[in-house]
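Participant: This is the structure I have questions about; it appears just below.
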Amino acid sequence: MAIHKRLIMLIPALVLMAYALRGNTQPEFYSRYMKYSSEELLRMGNAYAEKSKLADSALVCFSIVVNRATKKMSLQEKQNVMIGYIGRWYVYFFEFFDYEKSYANLLQAKRIAEETGRGLSRINLNFGCMYQMMAEQSGNEQLKNKALAFYRRAFEESMKACDESSLNMAFSNMVFLSSDLGKLDSIHGEWESYNKTDWVKDRFSLTYNTQMYNGLKLYSHGKYTEALKTFQEQKHSTRWTDDKIRYLYIVHINTAQALSAMGLYTEAISEIKEAEKIALEHDMKDAKLDVYRLLAEYYAKVGENGITENYRNKYFQLKDTLLNYNQVAKVSELQFLDKMNEIDKRMAEITRKREQQAVMMRIGAGVTTVILLLGVMLFVKNKKLKRSNEHLYKNSLASLQREEREREMRLSYEQRLKEKQDTATNVPERYSSSGLGEEDKEILLNKILNVMQTSEEIFSPEFKADRLVEFVGSNNRYVSQTINEKLGCNFTTLLNEYRVKEMCKRMNNVAKYGNFTINAIANSVGFRSHSGLFTAFKKVTGLTPAQYQRLAKENKQET
68 MAIHKRLIML IPALVLMAYA LRGNTQPEFY SRYMKYSSEE LLRMGNAYAE
118 KSKLADSALV CFSIVVNRAT KKMSLQEKQN VMIGYIGRWY VYFFEFFDYE
168 KSYANLLQAK RIAEETGRGL SRINLNFGCM YQMMAEQSGN EQLKNKALAF
218 YRRAFEESMK ACDESSLNMA FSNMVFLSSD LGKLDSIHGE WESYNKTDWV
268 KDRFSLTYNT QMYNGLKLYS HGKYTEALKT FQEQKHSTRW TDDKIRYLYI
318 VHINTAQALS AMGLYTEAIS EIKEAEKIAL EHDMKDAKLD VYRLLAEYYA
368 KVGENGITEN YRNKYFQLKD TLLNYNQVAK VSELQFLDKM NEIDKRMAEI
418 TRKREQQAVM MRIGAGVTTV ILLLGVMLFV KNKKLKRSNE HLYKNSLASL
468 QREEREREMR LSYEQRLKEK QDTATNVPER YSSSGLGEED KEILLNKILN
518 VMQTSEEIFS PEFKADRLVE FVGSNNRYVS QTINEKLGCN FTTLLNEYRV
568 KEMCKRMNNV AKYGNFTINA IANSVGFRSH SGLFTAFKKV TGLTPAQYQR
618 LAKENKQET
């Protein structure tokens, strides 16, 4: 993966939770760290975060700095707190894979950067990094495009601020990701700007990025031999120290992909094995995920099925560890909260300006703001409720259609049963002579459901359990036992369920029943009690009869 984990920020981050497990030594440790200045704590946190085993210590350092935030902070103190939040983001994201907490910390850093006008390029770079990793773990191309957009934003802001470090990382990640998306040509403008920049002093990054861009451009145009030559030159262009090791890992990946495109899978495997050594030695979990995926792919090409299966298992095991899809969903929720916070900030600014006017104007503005907020809350709540009700209605409609198909299949099955044995006479004799066996229960259940699905008599208010017993040719005890054991309910619940489903069918038939009241439709399917109808209908569909009827009419208008 092309995300430069070790380079994404000037100071990485960490977690107090793991540190709390150290028991009685914690208070002394924490108190000792409290004595350090924020600048010293950030340097210490950065050093700790570089070592995965000390991630908990890094989080302590960053958390102390963050907790020093006050409303009257100086500009430098705000910068320190912002860096502390970025550090916490780094540890939560890269070491603990807690995407919800990492996202929340990055949002806090973003708000401070927007307030001070400093650091936005680095924060957008981090957002891009986060979305790219989630995209590669979930296979969501939309997230990749979102990551690319953040990298572009970081690149533009870095150019304006002459932020060399962020510029180099943003361009590098932008090149790799746009190539992965098959749209490398879309960043040609950024490439020209980067190539003409005369204030970049980091010659290693400039050379590395140039070689990678040229190599991937050749690769994207099918010139695999020339691309391979460029990547091999890149591999031998510098001395790869520990602080540059992730760059070397990426060179191995690019080289392997060029070899694979040329059909040289054995050589490609050798390159990926070199990348695997780097990932294992430096515990680069995100890199290991890519390595396992590529090794499984390449070993499959050379027919090594056993090794292929081994790497596939490693890939899926690690992927389950790295990505929890519920956490991704929580990030979406936090995005919504962030938008609401932005609205709150705008409203607060409007209120502040209006407070400078007359008292009556301020009161009017306050009342208007409250009404607007209540309206927004009510609108959002109603919109969510409407979506939920529509979802329940569609599920109910699909269920009715599915059961109609199952009813037809059941009738066919019933016919085959009749051909197999004379159920009309033999089965009742078996029931009367001994207890019900499992086969007897299945036969009896089929007959019960056949009555419930085909007989109009169940919609009569006078339809009782005794009448069902007559239909199936059994007795009360066996019918009750079969319904209870096989369907997990009693006769009344089962009867109400089928009456509710018939009500739904009739409500969906707007042409015929559109002008009928709910009570009229309920009476037509056998319901006498309004409270019993409401309870049963809500249990089966999740909606009230009135909600269902309204949605049925709306659905008819849309179609």
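Mapping of the sequence shown onto the numbering used here: residues 68 to 626, in sequence order.
Glycine included, C-beta positions come from ideal geometry on N, C-alpha and C.
None of the values given here were measured: they were computed from a predicted structure.
1. What do you get for Asp123, buried or exposed, if any count of 16 or more other CB atoms within 10 angstroms of its CB means buried?
2. Ser104: which of Glu117, Glu144 and Leu126 sits nearest, CA to CA?
3. Relative to the alpha-carbon of Ala613, which residue among Thr584, Asn321 and Tyr152 has its alpha-carbon at the smallest distance?
4. Output the boundary residues of the alpha helix (DSSP H) element that contains Lys508.
5. Whole angstroms are fine: how far does the CA of Lys211 sit from the CA of Lys606?
6. Please list the segments of the alpha helix (DSSP H) lying wholly inside the segment 222-250, counting only runs of 4 or more residues, in order along the chain.
7. Anyone know if the C-beta pair for Gln278 and Thr297 falls short of 8 Å?
8. Which residue from Met241, Asn147, Gln199 and Tyr261 puts its Cα closest to that of Cys229?
9. Kindly indicate which three-state DSSP category Trp266 falls into: helix, strand or coil?
10. So, at 6 Å on beta carbons, what are the nonlocal neighbours of Thr292 in its own chain, with the 5 sequence-adjacent residues on each side left out?
11. Can you give, in chain order, each stretch of the alpha helix (DSSP H) that sits fully within the segment 118-151 and has at least 4 residues?
12. Report the option in Lys213, Phe217, Arg566 and Gly330 whose CA atom is closest to the CA atom of Ser522.
13. For Thr183, which of Glu537, Glu208, Ile150 and Leu618 has the nearest alpha-carbon?
14. Under the rule that 16 or more other beta-carbon atoms within 10 Å means buried, what is Leu618, buried or exposed?
15. Taking contact to mean at least 3 C-beta pairs separated by less than 8 Å, is the segment 331-343 in contact with the segment 362-381?
16. With a cut-off of 8 Å on the beta carbons, I'd call Val148 and Val127 a contact; round off their distance for me.
17. Which word fits Lys514, buried or exposed, when buried means at least 16 other C-beta atoms lie within 10 angstroms of its C-beta?
18. Output the distance between the C-alpha atoms of Phe403 and Lys302, rounded to the nearest integer angstrom.
19. Tell me which same chain residues have a C-beta within less than 6 Å of the C-beta of Asn563, skipping the five on either side of it?
20. In its own chain, which residues sit with a C-beta less than 7 Å from the C-beta of Trp307, not counting the 5 before and 5 after it?
21. Can you tell me where the alpha helix (DSSP H) holding Val607 begins and where it ends?
22. Using the beta-carbon count (16 or more within 10 Å), is Met241 buried or exposed?
23. Ordered along the chain, which non-local residues of its own chain (more than five positions away) have a Cβ less than 6 Å from that of Leu187?
24. How close, in whole Å, do the beta carbons of Asn235 and Asn276 come, if the pair is a contact with beta carbons under 8 Å?
25. Closest to Thr388 by CA distance: which of Ile550, Tyr166 and Arg534 is it?
26. Decide if Thr274 is buried, meaning its Cβ has at least 16 other Cβ atoms within 10 Å, or exposed.
27. When burial is assigned at 16 or more other CB atoms within 10 Å of the CB, is Asp353 buried or exposed?
28. Quick check on DSSP: helix, strand or coil for Leu439?
29. Among Leu610, Thr608 and Gly581, whose alpha-carbon lies nearest the alpha-carbon of Gln624?
30. Let me make sure I understand the geometry here. Which of Tyr198, Ala221 and Asn134 has the alpha-carbon closest to that of Ala214?
31. How would you write the range of the alpha helix (DSSP H) that Arg306 sits in, first residue to last?
32. Buried or exposed: Thr608, going by 16 or more other Cβ atoms within 10 Å of its Cβ?
33. For a quick check, are the C-beta atoms of Ala325 and Tyr286 less than 8 Å apart?
34. In three-state DSSP terms, what is Thr611?
Facilitator: If we stick to the structure as given:
1. buried
2. Glu144
3. Thr584
4. Lys508: member of the alpha helix (DSSP H) spanning Glu505 to Thr521, first to last residue.
5. 42 Å
6. 231-247
7. Yes, these two residues count as a Cβ contact at 8 Å.
8. Tyr261
9. For Trp266, the secondary structure class from DSSP, reduced to helix, strand or coil, is coil.
10. none
11. 122-133
12. Arg566
13. Ile150
14. Leu618 is buried by the Cβ-count criterion.
15. yes
16. 16 Å between Cβ atoms; not a contact.
17. buried
18. Unreliable placement is indicated for Phe403, whose pLDDT of 43 sits below 50; the coordinate value is still reported in the next sentence. Roughly 44 Å separates the two Cα atoms.
19. Ala603
20. Leu315
21. Segment His597 to Thr608, the alpha helix (DSSP H) holding Val607.
22. buried
23. Ala180 and Glu224
24. 6 Å
25. Tyr166
26. It is exposed - the Cβ of Thr274 has fewer than 16 other Cβ atoms within 10 Å.
27. buried
28. Note: Leu439 maps to helix in three-state DSSP.
29. Gly581
30. Tyr198
31. It is not in any alpha helix (DSSP H) - Arg306 carries neither H nor E in the DSSP assignment.
32. buried
33. yes
34. The answer is coil: DSSP assigns Thr611 none of H, G, I, E or B.
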